[in-house]
Amino acid sequence: MTFDDRIAIVGVHLKLPAGIDTTDGFWRLLTDGRDVFTRGPVTDGHVSLTSHIPDAHWFAAEPFGISDYEAGLTDPQHRLLLELAWECLRTAGSGQDSVTGVFSSCSPSSFFEEILLHRPDLWARNVSQILEGTQGDYLATRIAYRLGLTGPALHIGTGCSSSLVALNQAVQALNSFQCDRALVAAASIHAPGETGYDVREGGIYSADGRCRPFSDDANGTVPGNGAAVVLLKRLEDALTDGDPVHAVVLGSAVNNDGDRKAGFAAPGLDGQLDCVTTALDVAELEPDQVSYIEAHGTGTRVGDPIELRALAKAYGPAGPGGRHVGSVKANIGHCDVAAGLFGVIKSALILTHGTVPPQINFTAPTTAHDWSDGSLNVARAAVDLRAGRDADAPLIAGVSSLGVGGTNAHVLLQDARSLIGADEAARRAPRPVVRIPGRVPYEPVVRPEAAADAAAAARAGTEAAGTAGTADPAAPVTDAQLLELFSQHTAEPVTAMDEDFFALGGDSFGLLHLLDEIDRLTGVELSVEEFMAKPTGAHVRAQLDAAAAEAAPGDGAAGTAAGPAGNTGGAAGADAEAIRAVAGRYAGLTVAETAADPDGPVLLTGATGFVGAHVLAELLAAGRRVVCLLRGGEERRAALVGLLRPTPGWDRAREDLLSCVDGDIARPRLGLDHARYEALAEQVAWVIHSAAAVNHVYPYANLAAVNTDSAAGIVEFAATARRKNLTYLSTTAVFTTTAYAQGSEITAGPVTALPPESDGYGRSKALAEHHFRLAGELGLSAVVLRIPNVFGDRTTRRINAGDAIWSWTRAILATGHYPRSFDLSGDELFQALPGDVVARVVTQEARPTGRPGCRFVNAAPNLVCSSRGMLAGLRAAGHHPEPLPDGDWYRMVADLDPNEVWVAALAGRLAGRPETGQPQRLHRFPLDDHPAVAEVVNHNAVWSPADLAGYLAAPELAPPTALTRTEH
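What the sequence shown shows, in this note's numbering, is residues 13 to 980, in sequence order.
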């Protein structure tokens, strides 16, 4: 074999029980002489033994564009290998654009078997999806598809030798230039419910749960769990690209016993012998150059002696320093198809460290093999491979793997140090592992109680079929429920009713499951053709509404549909249904009995917003530790600190109180991984939810996911691990419905007449308030603080550029005119507060008391910003706009640059405004039931012409020439 034919192992990633997920952890297991098993008693021929991978049910679906629904129906073997392959390629770094092959193997799917046995209902609805997600035939191609790999994608099935045969195939593909890199991936993961095995006389399993390869007291093997991926490249390419080299493949061979053995499942001596000698020939090695052999070594009374005889005959006398034989199955069990790959990884580590670890569970050499020629030895303690050898002599290991049915494989490896030099090998040490982000747990579709659930469902279906005379009217499904259903079958969350199912990653299989779920929930059977006509939630809603109208009673009697339990506070019709749907989100939610440490940190959402930043500054000034939940996490911290530096009194001590976590309020578990979520749930004492999408133009469907549905995640977090206080920053816009007539007084309390669907911001915030109302009913201490317009900061004179006040101001500056009604009527435009005042109310006067219940606080001042006051402020600052008829001014605003967000927002506000000079009056929000809040708000709500003039120096408002009109 020439230098050009050698193949480098440049990446190794693995997953084993006992939390082992690095090569360092695997090596410590071997050198410490430990195994990965938890053992119980042996009773009535049953060995209680477990070796489960603790997070095998976790998966990062999002990086692969896989829907939660598809992920839930995918065998953990497939999921783990997909993640390990991703990590292996990302960690490798180089060659991302090269042609990469995939050579995979996995054990028969116990996940699939459990579905067939216990969830026939699931199987009946998802045949194609389950087959794709559980059968080995689709594993290599799934990895290639999800990672965009264009080389050969082959799944290898030769029983226990599969992964070593796969490595042989990968080597051949590289040497024939079918690909430039090759992933070899193998997994054997058993169903999580398996807790041991039954022992049969003459069977292959150990009677006491210990695997003892080559030992005279060996009595069988034990099943293991594990997954591994290695990345191969041609050695010359690896050296050129600066890759780490774990070991070098010198040669390999594969053959079959044929009929030269006692039976189909019996091992064959001649076949093994031929395979080893062929591999030595391919590698151009003399047998005495090999100093270590990782045998198949299952610990069975029949198999081990045959393998030992074949190895002794093939290798003959050992060279200087001797030759040792071992088997990793004593440490991790028999990992079935992945066994050979773990043998390769162990051997590569032995060559790297120059040490053979002790063979555990070995008491005395088996008397079924003649050890007298010294060709093979078993290490009872750690052995220095370099002892007795020349310092620059290569270290070479052989790896055997034998499959039931007779397919044998043997691979020969050399250490990198002797090949490329010690200094170069050290320089090419393995890179830090790049971990895949976004792993979350997926509840197994097969649970211990699954059979009972399926039986109950079948009985319920039978009873319903027996009593149904005619089809029931369609059951009500809310828009939020539809969006959630859509999102279960798409790669990206569906957040708006007009978003296209296929544009967000839905596919034909997901479509069928979606229609099936809609049918199950509503009784309405939509055809594929109907859905394809317009694949959006809005279209499905129209179809469901039409079906409901068709099924309604013809005598005018009002039909009632059972909805989730919950107090609707006197609301009626669609509003009541929407409020009941909120209550349905908390069925079965348990609130933690233990209250959080009151001095624990505050979790703050929306910290980068104008109000959120002021709340953050106030908390830090008070010495509170704050964890900000925001996309980007610590990467955004520097920008956040820059935002806070102008705050009076800012210093390093405050900065040290701030930390950030990468999360997303619109995703399950706040977008956090399980460990981070649980840790925060234990620590946090108070959650302040300030994040929101502020848009006064979008309809409700566009804002529901972020503004309303996210509230459920906040409440659930507050109820988890330790009972936390809650503050929700709402808005006076929740009172925009006609049920609250202009000029009327509005009392604090839950909103029962919701804003219409067209007023997306008001409706989304009003419904979110009901989440916090329910939090209070569940035993949490919550405050809903409704705030008016927030225009700026009294100290820094920064403005809240997104507030409507400045949209009006900008429009007047940009056009040089104002609507004539401003002079005639003295419009009451806004109730407004500075951001620093809002922050004080949040953190002091309106903070939660710790007592169960929800307080509603309206933090709106008596002082109103009028149109005449705005004009006076502009004139005081040296601006002299001219009046125009209202209609003309509205049209002039509509001609401003539509790319400016504030233009669109103001145009939306003007759309329904009369063109006459009739006075516009605001709702009034009395604060009599919260006098402390009223005092702070009214005392600090400064709004005068001089005050406005001070804010006009803000860079967002100058120079006005930057606000150009579009040409038509």
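Here a beta-carbon is modelled for each residue, glycine too, at the ideal position from N, C-alpha and C. These numbers were taken from a predicted model, which means no experiment stands behind them.
Based on Cα-Cα distance, which residue from the options lies nearest to residue i?
i      : options                        : result
Cys287 : Ile142, Asn180, Tyr304, Val337 : Asn180
Ala230 : Phe76, Ile216, Trp901          : Ile216
Tyr689 : Ala665, Ser722, Glu728         : Glu728
Asp133 : Ala515, Ile19, Arg272, Glu529  : Glu529
Ala503 : Ala198, Arg679, Glu74          : Glu74
Gly171 : Phe276, Ala194, Val536, His686 : Phe276
Ala291 : Gln500, Val183, Ile799         : Val183
Ile700 : Phe123, Ile799, Ala619, Pro256 : Ala619
Ile372 : Val390, Ser384, Thr364, Lys358 : Val390
Val111 : Arg131, Thr162, Leu494         : Thr162
Glu306 : Tyr902, Leu320, Leu94          : Leu320
Gly654 : Leu526, Ala625, Val638, Arg597 : Ala625
Ala492 : Ala724, Arg822, Ser121         : Ala724
Within 10 Å of its beta-carbon, does residue i have 16 or more other beta-carbons around it, so buried, or fewer, so exposed?
i      : result
Gln856 : exposed
Asp269 : buried
Arg154 : buried
Val261 : buried
Phe514 : exposed
Glu6   : A question about residue 6 goes unanswered here, because the residues of the chain that appear run from 13 up to 980.
Ser264 : buried
Val452 : buried
Glu125 : exposed
Gly635 : exposed
Gly31  : exposed
Trp848 : What sits at residue 848 in the sequence shown is Asp, not Trp. Counting Cβ neighbours within 10 Å, Asp848 comes out buried, since at least 16 surround it.
Asp567 : Unreliable positioning characterises Asp567 in this predicted model, as indicated by a pLDDT of 35, which lies under 50. The coordinate reading is nonetheless provided below. With fewer than 16 other Cβ atoms within 10 Å, it is exposed.
Pro66  : exposed
Val623 : buried
Ser227 : buried
Met544 : exposed
Thr827 : buried
Ala486 : Only weak support exists for where Ala486 lies, its pLDDT of 40 falling under 50; the coordinates are left without a value.
Give every residue of the same chain whose Cβ lies closer than 8 Å to the Cβ of residue i, excluding the five residues on either side of it in the sequence, and list them in chain order.
i      : result
Leu524 : Val540
Leu297 : Leu262, Gly263, Ile408, Leu424
Arg246 : Asp16, Arg18, Ile19, Ala20, Leu186, Asn187, Asp192
Leu96  : His25, Leu26, Lys27, Ala197, Ala239, Ala240, Val241
Thr482 : Low local confidence applies: a pLDDT of 31 at Thr482 is under 50, so the model's placement there is unreliable, with the coordinate-based value given in what follows. Cβ neighbours of Thr482 beyond the five flanking positions: none.
Please list, in chain order, all residues of the same chain as residue i whose beta carbon is under 7 Å from its beta carbon, the five residues on each side excluded.
i      : result
Gly23  : Cys100, Thr103, Ala104, Val242, Leu243
Leu883 : Tyr830, Phe834
Thr34  : Val445
Ala608 : Val696, Ala697, Arg734, Arg735, Lys736
Cys396 : The amino acid occupying residue 396 in the given sequence is Asp; Cys does not appear at that position. Cβ within range, chain order: Gly366, Thr367.
Asp404 : Ser430
Pro88  : Ala68, His69, Phe123, Ile201
Ala569 : Residue placement at Ala569 cannot be trusted, given a pLDDT of 29 that sits under 50; the coordinates are not used to answer.
Could you name the residues of the same chain whose beta carbon sits closer than 6 Å to that of residue i, not counting the 5 residues immediately before and after it, in chain order?
i      : result
Gly761 : Phe868
Ala858 : Val795, Leu797, Val869, Val945
Tyr740 : His701, Phe784, Val796
Lys273 : Gly280
Gly400 : Pro332, Gly333
Leu896 : His829
Asp427 : Leu363, Leu407
Phe49  : Leu61, Ser63
Closest Cβ-Cβ distance between residue i and chain C: below 8 Å?
i      : result
Lys325 : In the structure shown, chain C cannot be found, because there is only a single protein chain.
**Asked** Hey, is the segment 140 to 152 in contact with the segment 80 to 91, meaning 3+ C-beta pairs nearer than 8 Å?
**Response** yes
**Request:** Would you check if the segment 405 to 419 and the segment 352 to 360 touch, i.e. whether three or more CB-CB distances between them fall below 8 Å?
**Result:** Taking 8 Å as the limit for Cβ pairs, the verdict is that the segment 405 to 419 does touch the segment 352 to 360.
**Prompt:** Which parts of the segment 488 to 536 are runs of the alpha helix (DSSP H), unbroken and 4 residues or longer, counting only runs that do not cross its ends?
**Reply:** 491 to 499, 520 to 534
**Asked** In chain order, which continuous runs of the beta strand (DSSP E) of length 3 or greater are located wholly inside the segment 798 to 868?
**Response** Restricted to the segment 798 to 868, the beta strand (DSSP E) segments that are unbroken, complete and at least 3 residues in length are 829 to 831, 840 to 845, listed in chain order.
**Request:** Determine contact between the segment 425 to 433 and the segment 649 to 663, defined as no fewer than three beta-carbon pairs at a distance below 8 Å.
**Result:** no
**Message:** Please give the ranges of any beta strand (DSSP E) in the segment 191 to 219, keeping only runs that are unbroken, at least 3 residues long and fully inside the region.
**Reply:** Qualifying beta strand (DSSP E) stretches, in chain order: 193 to 200, 208 to 210.
**Prompt:** How about the segment 183 to 196 and the segment 335 to 342: do they share at least three Cβ pairs that are nearer than 8 Å?
**Reply:** In short, these stretches do not touch, since the Cβ pair count stays below three.
**Start-end ranges of the alpha helix (DSSP H) lying completely within the segment 670 to 742, minimum 4 residues** = 686 to 695, 712 to 715, 722 to 731
**Message:** Can you confirm whether the segment 764 to 778 touches the segment 738 to 748 when touching is taken to mean that 3 or more C-beta pairs between the two stretches lie within less than 8 Å?
**Reply:** Touching, per the Cβ criterion.
**Prompt:** Quick check: the segment 327 to 335 against the segment 375 to 384, are there 3 or more CB pairs under 8 Å?
**Reply:** no
**Request:** Return the chain-ordered ranges of every beta strand (DSSP E) run that is complete within the segment 607 to 667 and spans a minimum of 3 residues.
**Result:** 614 to 617, 638 to 642
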